[in-house]
Amino acid sequence: MNPTYEKLMKCYDSLRTVTDFQPRLALMLGTGLGNFADRIRVVQTVDYSAIEGFPTSTVEGHKGRYVFGYVDAVPVVVMQGRVHYYEGYDIPDVVLPIRLMKLMGAEILMVTNASGGICEHFHAGDLMLISDQISSFIPSPLRGANIDELGTRFPDMTDAYDPALRAIIRTVAVKEGIPLQEGVYLQLPGPQFETPAEIRMARALGADAVGMSTACEVIAARHMGMRVCGISCVSNMAAGMTGGPLLHEEVQQNADLAAPRFEALVWKSIVAIAQSI
Numbered sequence: 010m011n012p013t014y015e016k017l018m019k020c021y022d023s024l025r026t027v028t029d030f031q032p033r034l035a036l037m038l039g040t041g042l043g044n045f046a047d048r049i050r051v052v053q054t055v056d057y058s059a060i061e062g063f064p065t066s067t068v069e070g071h072k073g074r075y076v077f078g079y080v081d082a083v084p085v086v087v088m089q090g091r092v093h094y095y096e097g098y099d100i101p102d103v104v105l106p107i108r109l110m111k112l113m114g115a116e117i118l119m120v121t122n123a124s125g126g127i128c129e130h131f132h133a134g135d136l137m138l139i140s141d142q143i144s145s146f147i148p149s150p151l152r153g154a155n156i157d158e159l160g161t162r163f164p165d166m167t168d169a170y171d172p173a174l175r176a177i178i179r180t181v182a183v184k185e186g187i188p189l190q191e192g193v194y195l196q197l198p199g200p201q202f203e204t205p206a207e208i209r210m211a212r213a214l215g216a217d218a219v220g221m222s223t224a225c226e227v228i229a230a231r232h233m234g235m236r237v238c239g240i241s242c243v244s245n246m247a248a249g250m251t252g253g254p255l256l257h258e259e260v261q262q263n264a265d266l267a268a269p270r271f272e273a274l275v276w277k278s279i280v281a282i283a284q285s286i
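So the sequence shown is numbered by the numbering used here: it starts at 10 and just counts up by one.
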């Protein structure tokens, strides 16, 4: 058996000894949405450390657990804390939580994150609907022997971010009066912030925002046939765009200020998406 698949199934078997919850939608919480899980009707929580072989986050502020419950009547599994490539994990471990949520039953993945704005008409605190992504600077989670039990060898990424789901989120944003940008997200390895030259490169490649997560998880989700949508909080303008240094504290502060709008958009979008499928 493929060792990556074997590890995944061990995690699944371990998880199923403590919960039989069946989610319809999986939500990956990024910076600025850490408290979202407190709003849902919680049925159960499972710490990552309680799942045999599961990777655990080392980033401050990431609680490191699955939260099972309901957004209105929608059964969801929420990742409260993610693991990053820059923490030293191999890419298969980074995407293992996503694969596990699909095995639980989730057919739709909503990803969220904090990002640095590259597009010149963006501002810190903006919300950006992710229309596409660039993952060329990180290893593919599909590298190596294909795991046929999970998906095809060469998955199509034309619509990595599902057009119908994006349309629903746009409609919700208009109805709720929440300003929403739209653009392409680029993942770089981190953990250092990008240089001004790297930001100029990213802009030349067509990116509108840059961050240190998400793109690899989306590849794994699409490989398994999940429909994906994503919203990024532009928590700061990227290097070289303001003349000042980049600080993690600034990222967290701006994400916290945007949190009420972010939470409202995610909540209403989940409900609207569930009603459409």
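Where a beta carbon is used, it is the ideal one built from N, C-alpha and C, also for glycine. All figures in this text were calculated on a predicted structure; none of them were measured in a lab.
Residue range of the alpha helix (DSSP H) that residue i falls in?
| i | result |
| --- | --- |
| Ser124 | Where Ser124 is concerned, there is no enclosing alpha helix (DSSP H), although the beta strand (DSSP E) it sits in stretches over 117-126. |
| Ile279 | 257-285 |
| Tyr14 | 12-25 |
| Glu226 | 224-232 |
In terms of alpha-carbon separation, which member of the options lies closest to residue i?
| i | options | result |
| --- | --- | --- |
| Arg175 | Leu24, Tyr14, Ile279, Gly41 | Ile279 |
| Val55 | Cys128, Thr40, Gly78, Gly239 | Gly78 |
| Ile178 | Phe271, Gln31, Gly73 | Phe271 |
| Leu34 | Glu96, Glu116, Glu15 | Glu116 |
| Val193 | Leu138, Cys242, Val87 | Leu138 |
| Glu129 | Asn245, Lys277, Pro254 | Asn245 |
| Gln284 | Pro200, Leu197, Val181 | Val181 |
| Tyr75 | Met233, Glu158, Val52, Arg162 | Val52 |
| Phe163 | His232, Gly73, Ala273 | His232 |
| Thr13 | Gln142, Leu112, Thr223, Asn155 | Asn155 |
| Cys242 | Gly73, Asp265, Asp22, Thr251 | Asp265 |
| Tyr98 | Asn263, Val260, Gly199 | Gly199 |
| Ile127 | Ala206, Glu61, Met88, Gln31 | Ala206 |
| Gly120 | Gly73, Glu258, Ile228 | One detail in the question is off: residue 120 reads as Val in this sequence, not Gly. The shortest Cα separation from Val120 among Gly73, Glu258, Ile228 belongs to Ile228. |
| Ile60 | Leu17, Ile100, Met10 | Leu17 |
| Asp81 | Ala216, Arg48, Ser149 | Arg48 |
| Tyr57 | Ile143, Pro32, Ala248, Ser23 | Ser23 |
| Glu158 | Asp29, Leu109, Ser140 | Leu109 |
| Leu197 | Tyr95, Gln31, Arg236, Gln89 | Tyr95 |
| Gly249 | Ala281, Thr204, Asp141 | Thr204 |
On the DSSP letters alone, give me the boundaries of the beta strand (DSSP E) that residue i sits inside.
| i | result |
| --- | --- |
| Phe146 | Segment: none, Phe146 is in no beta strand (DSSP E) and carries neither H nor E. |
| Ala154 | Per DSSP, Ala154 belongs to no beta strand (DSSP E) and is neither H nor E. |
| Ile240 | 236-246 |
DSSP puts residue i in a beta bridge; with which residues?
| i | result |
| --- | --- |
| Leu34 | Val85, Ile117 |
| Phe77 | Gln53, Val86 |
| Asp135 | Val243 |
- the region 42-55 touching the region 128-135, judged by at least three CB pairs closer than 8 Å: No, the region 42-55 does not touch the region 128-135.
- Message: Ignoring anything shorter than 4 residues, give me the alpha helix (DSSP H) runs that lie fully in the region 159-219, in order along the chain.
- Response: 172-185, 205-214
- the region 183-191 in contact with the region 209-216 per 3-pair CB rule at 8 Å: no
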